[in-house]
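Q: Sharing a structure with you now.
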Amino acid sequence: MAEKNNSRPKLNLSVQYADTRLQELLPRPLLRKTVQAALFFPAELTLRFVNAEEGRDLNRDYRGKDYATNVLTFAYTEDVDAEVTEADIILCTDVLQKEAAEQNKTVLEHAQHLIVHGVLHAQGYDHENDEEAEEMEALEIEILAGLGLSNPYQDTAE
243 MAEKNNSRPK LNLSVQYADT RLQELLPRPL LRKTVQAALF FPAELTLRFV
293 NAEEGRDLNR DYRGKDYATN VLTFAYTEDV DAEVTEADII LCTDVLQKEA
343 AEQNKTVLEH AQHLIVHGVL HAQGYDHEND EEAEEMEALE IEILAGLGLS
393 NPYQDTAE
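Numbering (the numbering used here) for the sequence shown: 243 to 400.
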């Protein structure tokens, strides 16, 4: 994967609060800062916050899994030669809040972690095997530390 450089890649970010419960906690400027921290390439991204019903429908219809999950990334430009990364990143408010409570994290910290995770998926990172998972987790830890957040993989209930 690409090395992160000091210049910030261009970002066109759309935010949709279909579920408005986190709108005040996660304002657009904070979301932009979080996404930008995880970007290695220019991107056109949509962040959409949904309830459990919409999250479950999307996970069932597109992944064949009949439950709501914390974050879904629909990457549209997986071609390494693409000039702009395009993706929709769906965050399920219900699952996000439940996991944060179970892991003794703030909703804000957990949301930022899931956004970074989704942005990395949009850029082709994955965790299908141990080597990929280690690489992706290391990047997440580094990016979150740059945002002043702790390691999300320490002291969790998982």
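Here a beta-carbon is modelled for each residue, glycine too, at the ideal position from N, C-alpha and C.
Which residues in the same chain have their Cβ closer than 7 Å to the Cβ of glutamate 351, if we skip the five residues on either side of it in sequence?
A: Result list for glutamate 351: Leu391, in chain order.
Q: What whole-angstrom Cβ distance do alanine 280 and valine 361 have, given they're in contact under 8 Å?
A: With 8 Å as the limit, alanine 280 and valine 361 qualify as a contact, their Cβ atoms being about 4 Å apart.
Q: Please name the residue, chosen from Ala317, Lys275, Phe291 and Val277, that lies closest to leucine 338 on a Cα-to-Cα basis.
A: Here the closest residue by C-alpha is Phe291.
Q: Taking threonine 335 and leucine 264 to be in contact with their CB atoms under 8 Å, please state how far apart those CB atoms are, rounded to whole angstroms.
A: Confirmed, Cβ separation roughly 6 Å.
Q: Could you tell me the distance, in whole angstroms, from the CA atom of leucine 386 to the CA atom of histidine 359?
A: Distance between the alpha carbons of leucine 386 and histidine 359: 10 Å.
Q: Can the beta-carbon of alanine 342 be found closer than 7 Å to that of alanine 364?
A: No, these two residues do not count as a Cβ contact at 7 Å.
Q: For the beta strand (DSSP E) containing tyrosine 259, list its first residue and its last residue.
A: Run containing tyrosine 259: 253–259, per the beta strand (DSSP E) assignment.
Q: Is glutamine 396 buried or exposed, if buried means 16 or more other CB atoms sit within 10 Å of its CB?
A: Answer is exposed; the Cβ neighbour count stays below 16.
Q: Contact check, threonine 319 vs threonine 327 under 8 Å by CB: the rounded distance?
A: With a Cβ gap of about 6 Å, threonine 319 and threonine 327 count as contacting.
Q: Classify glutamine 354 as helix, strand or coil using the three-state DSSP reduction.
A: If DSSP states are grouped into helix, strand and coil, glutamine 354 belongs with the helices.
Q: In three-state DSSP terms, what is glutamate 400?
A: With a pLDDT of 42 at glutamate 400, under the threshold of 50, the predicted position of this residue should be treated as unreliable, though the coordinate-derived value follows. Coil at glutamate 400, not helix or strand.
Q: Between which residues of its own chain and serine 256 is the CB-CB distance below 6 Å, once the five residues before and five after are set aside?
A: These residues qualify, in order along the chain: Thr288.
Q: Report the rounded CA-to-CA distance for proline 271 versus leucine 356, giving the unit in angstroms.
A: Taking the straight line joining both Cα atoms gives about 17 Å.
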